[in-house]
Amino acid sequence: MKSILFLLFLGLLSSCTLNSESILEDFSSSDLESIFKSENADGCFVICDFKADKKLTYNSARLDSTFLPASTFKIINSMIALETGVIKDENEIITWDGKKRFVKEWNQDYNLKSGIKYSVVWFYQELARRIGKEKMQYWVNAAKYGNQNIGGKIDYFWLNGDIRISPNQQIDFLQKLYLNELPFSKKNQEIVKNIMIVDKTPDYSIHAKTGWAMRINKQIGWYIGYFEKEDNVYFFTINMDIKNKADASKRKIIVSKIFKLLQLTK
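Below is the structure:
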């Protein structure tokens, strides 16, 4: 950990350029391609070794293409809500409005911690309405998030509006979050990192968020986050086409297979 902090202060780890040894060097894009093919999936993937400052990619041409962030926007939406005070912390409850949603688990009260865990759309739509267009635009600009265009309805723009972000931009955003370098208080960045934990064992922890842009003709899915193990961190992003409902589960399946390939979860 001390070695990582030393490198952080030198500012040498701001992007995934290549300059030292990494476990990623033992694998190639073709290894990742075989995993995508095993799941009959079309998309791209990138993982960055934070300590060694290296990366491994699949379908790199797609990594700079931009897409709706869908529910991955909940990460920054959480921080904006905390920063603007529309919700005081991860435990404050917002009462369910009584309207039945297609996901039955959503039909109850939620807080920030449970809202992101179950990706509750109505909860984050309510946060966005409370934040308002002006403040939302200010913080999206301040964070330099994607194309910074929040055109569309304030409670739908990340689902079917004009905002777009690339897989590479997702990685950059995650790195800044990990380093507490986003334009939000350290406290609020730490809260969001904690509520993003999806798996924690004695050996590693995974902070991540899924996304599924389903309100457009060509649907796409995301799974983005970072994997902490020992004294290192690996940032990852998958972006893939969603052709049917069964494809949605493949986001996590593919990432899990890649982690096993890299022996991160052995």
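Its first residue numbered 18, the sequence shown is counted upward by one per residue in the working numbering. Beta carbons are placed, not taken as given, at the ideal position from N, Cα and C, and that holds for glycine. No experiment lies behind these values; they were computed from the predicted model shown.
Going by beta carbons, A230 and L191 fall outside the 8 Å limit. Here DSSP, grouped into helix, strand and coil, assigns A69 to coil.
Proximity to F140 across D48, M213, Q206, N124 peaks at N124, based on C-alpha coordinates. Relative to S55, the option among I270, A225, Q280 whose CA is nearest is I270. Bounds of the beta strand (DSSP E) holding S222 are 221 to 230. Between the alpha carbons of D81 and I171 lies a distance of about 26 Å. The C-beta distance from D66 to Y251 rounds to 6 Å, short enough to fall under 8 Å. In the same chain as Q154, and ignoring 5 residues on each side of it, the C-beta atoms closer than 7 Å to its own belong to I167, in chain order. A straight-line Cα-Cα distance of about 14 Å links K117 and Y127.
Closest by C-alpha distance to L85, out of R232, D248, K277, S273, is R232. Membership of D48 in the alpha helix (DSSP H) is indicated by the continuous run 46 to 55.
About 13 Å separates the CB atoms of F244 and V63; that is not less than 8 Å, and the two are not in contact. The beta carbons of S136 and T227 sit about 7 Å from each other, so the pair counts as a contact at 8 Å. For N256, the enclosing beta strand (DSSP E) begins and ends at 249 to 258. DSSP lists no beta-bridge partner residue for W139.
Cβ atoms of N164 and I180 come within 8 Å of each other, at about 6 Å. Separation of D264 and I223 (C-alpha to C-alpha, rounded to the nearest whole angstrom) is 22 Å. Annotation for S183: L80, D81, S82, T83 place their beta carbon closer than 7 Å to its own, counting only its chain and skipping 5 residues before and after.
Only residues of its own chain outside the window of five on either side were considered, and among them D258 have a CB closer than 8 Å to the CB of K235, listed in chain order. Contact annotation: D48 and L278 have beta-carbon atoms nearer than 8 Å. For V63, the pairing in a beta bridge is given by DSSP as T74, T254. By the Cβ-count criterion, G102 is exposed, with fewer than 16 other Cβ atoms from all chains shown falling within 10 Å of its own Cβ.
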